[in-house]
Structure formats: C-alpha cells, structure tokens
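Trainee: To start, I am sharing the structure in question, which I have written as structure tokens.
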Amino acid sequence: MTGAIDTILQGTLLGGLYALFAAGLSLIFGVMRLVNIAHGDLIVLAAYTAFLAVQLTGIDPLSSLIIVVPVMFVIGYALQRGLLNATLGRGILPPLLVTFGLSIIIQNALLQGFSADSRKLLLGPFETASIPLGPDLAIGWFPLLIFATAVVVIAALQALLHRTRIGRAFRAVSDDPETARLYGVDHRHLFAMAMGVALAVVSFAGVFLAIRTNFDPAIGPARLLFAFEAVIIGGLGSLWGTLAGGVILGIAQTVGAKIDPAWQLLAGHIAFLLVLIFRPRGLFPRAVD
Amino acid sequence: MTYRIERATRASRIGLWLLLPILGALLSLPYWTGSADMRLVVEMAYFLALAQMWNLLAGYAGLVSVGQQAYIGLGGYALFALTILAGVPPLAALPLAGLAAALIALPTAFVVFRLRGAYFAIGTWVVAEVFRLVLAQVTALGGGTGMSLPIGIVRAVAESRDGRELVIYYTGIAIAIGAVALVFLLLRSRHGLALTAIRDAEGAAESLGVDNFRTKLWVYLVAAFGGGMIGALIFLQKIRISPDAAFSVGDWTANVIFIVVIGGIGRIEGPIVGTLVFFALRSLLADFGAWYMIILGAVAVVVMLKAPQGLWGLVAERFDLDFFPVRRRVRRLPEA
C-alpha cells in the first residue's frame, strides 16, 4: 500500500517537471497557434546556458536562473521577431518545417560547442534531502520544489493572461488577430513577447532538468514529446489542464517504471495514446484547434 | 469549337529522351566503377525513394509526418523477422516487409488522424517512439542492442560479396524508379485528382464528393508500404539492425525532410533535385562534423522562408518546365 502511494506521489511530483516543459508550448500555441518542434531543444539550450553560467561565475545552479531567465527571454524575443513571425499565416508547412530545422540546428550547435558528453548540475545535499512521511514514505525537497514552481508558474501565467494589459492583448490576438490589429495591437511585438515569456518558463524547466538528470545535446526531442503529451492529455489551450496532463504522464511513467524500468517511457506514451483514442480533445479541453 | 485535353508537356517529351542515357548509365554503372560508388548510388536511391514517399504525404496529402521512421524501422525489423524466424528468402521478404508496415499503419492511422496539422506531426513521432521501445523489448530480434543478419541469410542473397552488391544495387535502383513511377501514376489517376482537390480546398473537395478521410488513409498506407519496403532494403544492405538505428529521426526523417524542402515540396522533380543537392553538400562538408547538419538545417530554413517552392520550383517557374506532368491542360484547337 505504501508502495502504491509512494509511486503515485513520485509520479505526481515528476508531473510538475513535465508541466514546466509543457507550459511554454501551451502558451505559444494559445497565443499564435504555433507548434514549436524546437521546444525540447530550447529546454536543453536553457540547461546549457545554466551550465555555462555556473562554470563561468561559480554561482549555484538555482541562482543561475537570475542569468538564464533574462537570456532565454531575449533569445525567445529575437527568435520570434527575427525568424518565426515570418512563418505565420502561410499554412501549416512553414512553421512546422522551420522549427524542425531549428531543432536540428540547435542540437548540432550544442554538439559542436559542448561535445556529446553528458553533463549535470550539482546542487549538493539539497538534491537528495527529503521529508519523511512514514516508514517507507518520503517526499524529496527538490522534487517538491519543482512541483511548487510549476504551480506558481502556471498561476502566474494565468494571472498574466487574465489580469494584465499585455495578457488582454495576448487573448485578443489569439481570438482574432485581424481585429486586434485594428485596435492598434502590434502582433509582431506581441508574439515575440509571448515567445520570450515561453522561454523564460523554459529556463526553469531546463535548470531543473539539468539538476535532476544527466543531459546531453540529443535529449531535446524526447522532452518535446513529453511536453506535447502533457498538453494533449490536459486538453489544448488550458494551462491548468497542462499541469493535470503532466501529472498523469508522470504517474503513468512512474507506474510503468515500477513494473519494469524499460517500461517507463512506453507507459507514458501508451497513456497518451489511450487519451487520444477515448478523449481526443483531452481531459480538460478549452480551445478548438 | 473543339478542345483537346493535354497532359504531356514539351519538357516531358524531352525528358523521355533524357531518361534513356540516364537509365543506361545507372544500369551499366557496376561494370565501370567500384563498389564504393555502387554503395553511394544505392544510398542515393533509397533516400530518393524515401523522399518521394514523404513528398506524397506532406506535399500532396497535407499529412506532414515526422514519424515515417516508424515504417522504415518496422520494415527493417520485418526483414529480420521474416528471414530469421520464418525462413522467407531475403528478396521475397522486401515486398512482404512493405505489406507488414502497411498492415500496422492501418490501425495507427485511426489514432494519429485524430490530430491535425502540426499535432499530427508530433503524434506520428510518438507512434514511432512506441514502436522503437516495443522492439527494444523483443529479445528474439536482439532487444535493445540489436542484431546482425545471420551469415546463412546473407549468403541466400548471393554467394559472393560482389554478387550481393550487384543484387542490392539493382534492387535499390528498381525501388527508386518504382517509387517515382508509383507517385507519378498515383497522381495521374483519379486518386491524384482527389488529392489535388483536397490540397487546394479541403472543404470544397468534400462537398464535391471527395472522401477526404479515405483518400488520406490511402496515401498514408501507400507511404507506409513504401517506407517498409525501403527500410527492409536499407537493413539488408547494412546487415545490422538496432532499435536506435531503425527508428532514427535524424537519419530517416530530418534528412528526408531537408531533401524534399530544399528540392521542392509538392513536385515529383523536387526530391530528385533535393537528393542530388543533399549528397553534393554532404561530400563538400564531410570534414566539418556537426557543422554539416547546422548548414543543411539553415539552408532548409532559408529555402522554406524565401523560396517555399524549393530549388526546382524556382527553375520550373522561371523556364516553365514540367518533366512529370500530372495536370490536365485544356487547349483550344483551331477551327477546321
């Protein structure tokens, strides 16, 4: 019994990380209907940015966020303004193929710059510290921190979308870009801001990923798939749904790993396919694609 | 007033005459070059065939898949399973591997077709991952580390090494030509007309009685069959298979997408031009490691943004060239 509770608890906390992977993807889909295939590689880029910051300045990995978040925001703004805006409004092929090309470019640039060696950010004793809950039950402080961050980030994105001026503009261009433009909304700037915010969120995902596991330039696509699965399981366009989707994916993977370590990824994919078969619009649908 | 419906173009009539020397050179190639060149041509042949399949999917049916490695890998594994476990002769196993891939594609289509556009793309990728993870669990086919084709089966292709290379060479050429011919004939048939209608206006096509779902399903199955057969040939040449090699996104999807995008999506000539450019770039940049993929990716991005019709599209529009006419042109005849 404790084993089952433990599995679900660890899966839920892992889901927090997946929700952080997915929140940025969900946001940019919501604002500009763009599916970014390079999303996973941008998470890895954030991890390497943190790695570089730690190497150069000697700060601890969590504090490196002070550097990584603004750097990724600027990268996101520039990427959208300089490249991705040109792909929008021309059918499905340009955004898809350009972000696919970008994914390959980022992977190989990281390979060229940092080699294929796997890296990890070290956080010291906090990484393994835990709160005992019972005889065979404990919650790690670090997984708890990830989950809490995911909740705070999603609450913050909700507040941004629904309580601020720029959030209102985001929703306006999302609903009707033409009319929003008539009211003086500069959609190019706005899309770039959305991508900046998405990559600021990606920074948290990247730094936590880098502390939690080994990473190398090739692991981006798998993170994209986790993020995508969390978004689809939760239902397109719903941020809290994305958190729920991440948690379901995390639990499925943890349960799978419990049965056989080789089943971890497979169990997650199967949970996703089952949702697709029985609830094709996700569990908490909001937007209509 | 009388009209005539024409399909042939001047370029297609000239192209028929160009075809003869090209075919002659390809068929006689083993007699005037070494095995390194033959292997290169086989590689070009299977990339061309893969590119034709992906172009049919993405360029004509609007099914932008980044998961076609699913069927290439399944085809490769079907070759190993059929020859090792069922004792089928290797060459007979190639079309059977294609059939196996198409058979698995049928139920898969009903799941991934629930996703549209870009979501379809990533959904197909998830499916390919599922196949990779499942095959890594099959110990009879080498599990996660993979396996080599037993020497007895390799000998069944031909006794000598030279003989095997010759057989694989001609099979590769046949599959490439077969893939081009298949796409050409498919597009000229009534299914091709339906596809063009869907591509140009999905809603209008449906209202005129085109069954979108069935047409797309057909294309998906044909592409899976092609992918499976090509995959079987690839791993018959490589002799070794592993889940990571068989279901590689980089090898079987990134390269193929770059070939089609650079050459020209939605044109039969596109993959041919793209394959030539791809292999030229590869030999030029062979010493630059990861820079090769960075440059290839950047070229594809620039082409997609600045010339979405691809390199061949630029040439074709400038000089009005169409070597593979699939359209019908109505021409008014002079009064008698």
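Sequence lines, in order, name chains P and E.
The numbering of the first sequence is the numbering used here, which starts it at 1 and goes up by one.
The numbering of the second sequence is the numbering used here, which starts it at 290 and goes up by one.
We treat Cβ as the ideally placed atom computed from N, Cα and C, and that holds for glycine.
Buried or exposed: which applies to proline 70 of chain P, given that a residue is buried once 16 or more other Cβ atoms fall within 10 Å of its Cβ?
Mentor: Stepping through the first sequence from its first residue, residue 70 of chain P is reached at position 70. By the 10 Å Cβ count, proline 70 of chain P comes out exposed.
Trainee: For chain P, check one thing: does any of its Cβ atoms lie closer than 8 Å to the Cβ of tryptophan 580 of chain E?
Mentor: What you label residue 580 of chain E is simply residue 291 of the second sequence in a count that begins at 1. Yes, tryptophan 580 of chain E lies at the interface with chain P (some Cβ there is under 8 Å from its Cβ).
Trainee: Would valine 353 of chain E pass as an interface residue toward chain P - the criterion being a Cβ-Cβ separation below 8 Å?
Mentor: The sequence position of residue 353 of chain E within the second sequence is 64, counting from 1. Yes, its Cβ sits closer than 8 Å to a Cβ of chain P.
Trainee: For serine 537 of chain E, collect the residues of the same chain with a Cβ closer than 7 Å to its Cβ; drop the 5 residues on either side in sequence, then sort them by chain order.
Mentor: Taking the first residue of the second sequence as 1, we reach residue 537 of chain E at position 248. Gln358.
Trainee: Under the DSSP definition of a beta bridge, which residues are partnered with glutamate 295 of chain E?
Mentor: Reading the second sequence from its first residue, position 6 is the one you call residue 295 of chain E. Answer is E:Arg618.
Trainee: Name, going along the chain, the residues of the stretch 381-407 of chain E whose beta-carbon falls closer than 9 Å to a beta-carbon of chain P.
Mentor: Answer in chain order: Phe399, Val400, Val401, Arg403, Leu404, Arg405, Gly406 and Ala407.
Trainee: Does any residue of chain E bring its CB to less than 8 Å from the CB of alanine 194 of chain P?
Mentor: Translated into positions along the first sequence, residue 194 of chain P becomes position 194. Chain E, which has no Cβ nearer than 8 Å to the Cβ of alanine 194 of chain P, makes this no.
Trainee: Say whether chain A places a C-beta atom closer than 8 Å to the C-beta of alanine 271 of chain P.
Mentor: No chain A appears in the structure shown, which is made up of the protein chains P and E.
Trainee: Consult DSSP for isoleucine 139 of chain P and reduce its assignment to one of helix, strand or coil.
Mentor: Position 139 of the first sequence, counted from the start, is the residue given in the question as residue 139 of chain P. In this structure, isoleucine 139 of chain P counts as strand in the three-state DSSP scheme.
Trainee: For phenylalanine 547 of chain E, I'd like the list of residues in its chain whose CB is within less than 6 Å of its CB, leaving aside the five on either flank, ordered along the chain.
Mentor: What you label residue 547 of chain E is simply residue 258 of the second sequence in a count that begins at 1. Contacts found: Leu585 and Ala589.
Trainee: Determine the burial state of valine 151 of chain P: buried for a count of at least 16 other Cβ atoms within 10 Å of its Cβ, exposed for fewer.
Mentor: Translated into the one-based positions of the first sequence, residue 151 of chain P becomes position 151. The residue in question, valine 151 of chain P, is exposed, as its Cβ has fewer than 16 Cβ neighbours within 10 Å.
Trainee: Strictly below 7 Å CB to CB, what residues from chain E border glycine 297 of chain P?
Mentor: Nothing can be reported for residue 297 of chain P: it is not among the residues displayed for chain P, which extend from 1 to 289.
Trainee: Does DSSP put methionine 518 of chain E in a helix, in a strand, or in coil?
Mentor: Looking up residue 518 of chain E in the second sequence gives position 229. Reduced to three states, the DSSP call for methionine 518 of chain E is helix.
Trainee: Helix, strand or coil: how does DSSP classify serine 203 of chain P here?
Mentor: On the first sequence, position 203 is the one that residue 203 of chain P refers to. Reduced to three states, the DSSP call for serine 203 of chain P is helix.
Trainee: Skipping 5 residues on each side, what residues in its chain have a beta carbon closer than 6 Å to that of proline 143 of chain P?
Mentor: Translated into the one-based positions of the first sequence, residue 143 of chain P becomes position 143. Leu13, listed in sequence order.
Trainee: Here's the rule I'm using: 16 or more other beta-carbon atoms within 10 Å means buried, otherwise exposed. How should valine 74 of chain P be labelled?
Mentor: Counting from one through the first sequence, the residue named residue 74 of chain P turns up at place 74. By the neighbour-count rule (16 or more Cβ atoms within 10 Å), valine 74 of chain P is not buried but exposed.
Trainee: Expressed to the nearest angstrom, what Euclidean distance is found between the alpha-carbon atoms of leucine 395 of chain E and alanine 535 of chain E?
Mentor: Reading the second sequence from its first residue, position 106 is the one you call residue 395 of chain E. Reading the second sequence from its first residue, position 246 is the one you call residue 535 of chain E. One C-alpha to the other measures close to 20 Å.
Trainee: Nearest-angstrom Cα distance between proline 597 of chain E and aspartate 609 of chain E?
Mentor: Numbered from 1 along the second sequence, position 308 holds the residue referred to as residue 597 of chain E. Numbered from 1 along the second sequence, position 320 holds the residue referred to as residue 609 of chain E. Going from the Cα of proline 597 of chain E to the Cα of aspartate 609 of chain E covers about 17 Å.
Trainee: Report the residue from E:Thr485, E:Leu455, E:Arg299 and E:Leu363 whose alpha carbon sits nearest the alpha carbon of serine 324 of chain E.
Mentor: Stepping through the second sequence from its first residue, residue 324 of chain E is reached at position 35. Answer by Cα proximity: E:Leu455.
Trainee: From the beta carbon of valine 443 of chain E, is the nearest beta carbon of chain P less than 8 Å away?
Mentor: Sequence index remark: in the second sequence, residue 443 of chain E carries index 154 (1-based). Judged by the 8 Å Cβ criterion, valine 443 of chain E is not in contact with chain P.
Trainee: Where in the stretch 350-425 of chain E do unbroken runs of the alpha helix (DSSP H), each at least 4 residues long, occur, reported from the N-terminal end onward?
Mentor: With a minimum length of 4 residues, the continuous alpha helix (DSSP H) runs that stay inside the stretch 350-425 of chain E are 358-369, 379-401 and 406-424.
Trainee: Which value, in whole angstroms, describes the spacing of the CA atoms of alanine 252 of chain P and glycine 11 of chain P?
Mentor: Your numbering for residue 252 of chain P matches position 252 in the first sequence. Your numbering for residue 11 of chain P matches position 11 in the first sequence. Rounded to whole angstroms, alanine 252 of chain P to glycine 11 of chain P spans 7 Å at the Cα level.
Trainee: Where do the N-terminal and C-terminal ends of the beta strand (DSSP E) with glycine 290 of chain P fall, by residue?
Mentor: No answer is possible for residue 290 of chain P: it lies beyond the span of chain P, which begins at 1 and ends at 289.
Trainee: Is isoleucine 259 of chain P helix, strand or coil when you go by DSSP?
Mentor: For the purposes of this step, residue 259 of chain P is identified with residue 259 of the first sequence, where counting begins at 1. The answer is helix: DSSP assigns isoleucine 259 of chain P an H, G or I state.
Trainee: DSSP on isoleucine 5 of chain P, reduced to helix/strand/coil?
Mentor: If you number the first sequence from 1, residue 5 of chain P lands on position 5. Residue state, collapsed to three classes: helix.
Trainee: With three or more beta-carbon pairs closer than 8 Å as the criterion, would you say the stretch 474-492 of chain E touches the stretch 341-349 of chain E?
Mentor: The stretch 474-492 of chain E, when compared against the stretch 341-349 of chain E, does touch it at the 8 Å Cβ threshold.
Trainee: Under a three-way DSSP split, which group does arginine 33 of chain P fall into?
Mentor: Within the first sequence, the letter at position 33 stands for residue 33 of chain P. Looking at arginine 33 of chain P - three-state DSSP - the assignment turns out to be coil, as it is neither helix nor strand.
Trainee: My understanding is that isoleucine 551 of chain E touches valine 592 of chain E, with C-beta atoms under 8 Å, so please give their C-beta distance in whole angstroms.
Mentor: If you number the second sequence from 1, residue 551 of chain E lands on position 262. If you number the second sequence from 1, residue 592 of chain E lands on position 303. Indeed they touch by this definition, with Cβ atoms about 5 Å apart.
Trainee: Which partner residues of phenylalanine 215 of chain P appear in the DSSP bridge assignment?
Mentor: For this step, residue 215 of chain P is matched to residue 215 along the first sequence. According to DSSP, phenylalanine 215 of chain P bridges with P:Arg119.
Trainee: Pop quiz: isoleucine 154 of chain P and alanine 46 of chain P are said to be a contact at Cβ under 8 Å. What is the actual Cβ separation, rounded to whole angstroms?
Mentor: Here residue 154 of chain P refers to the residue found at position 154 of the first sequence. Here residue 46 of chain P refers to the residue found at position 46 of the first sequence. Wrong, their Cβ atoms sit about 18 Å apart, outside the cutoff.
Trainee: Would arginine 302 of chain E and glycine 435 of chain E be called neighbours here (beta carbons separated by less than 8 Å)?
Mentor: Start at 1 with the first residue of the second sequence, and residue 302 of chain E comes out as number 13. Start at 1 with the first residue of the second sequence, and residue 435 of chain E comes out as number 146. Contact: no.
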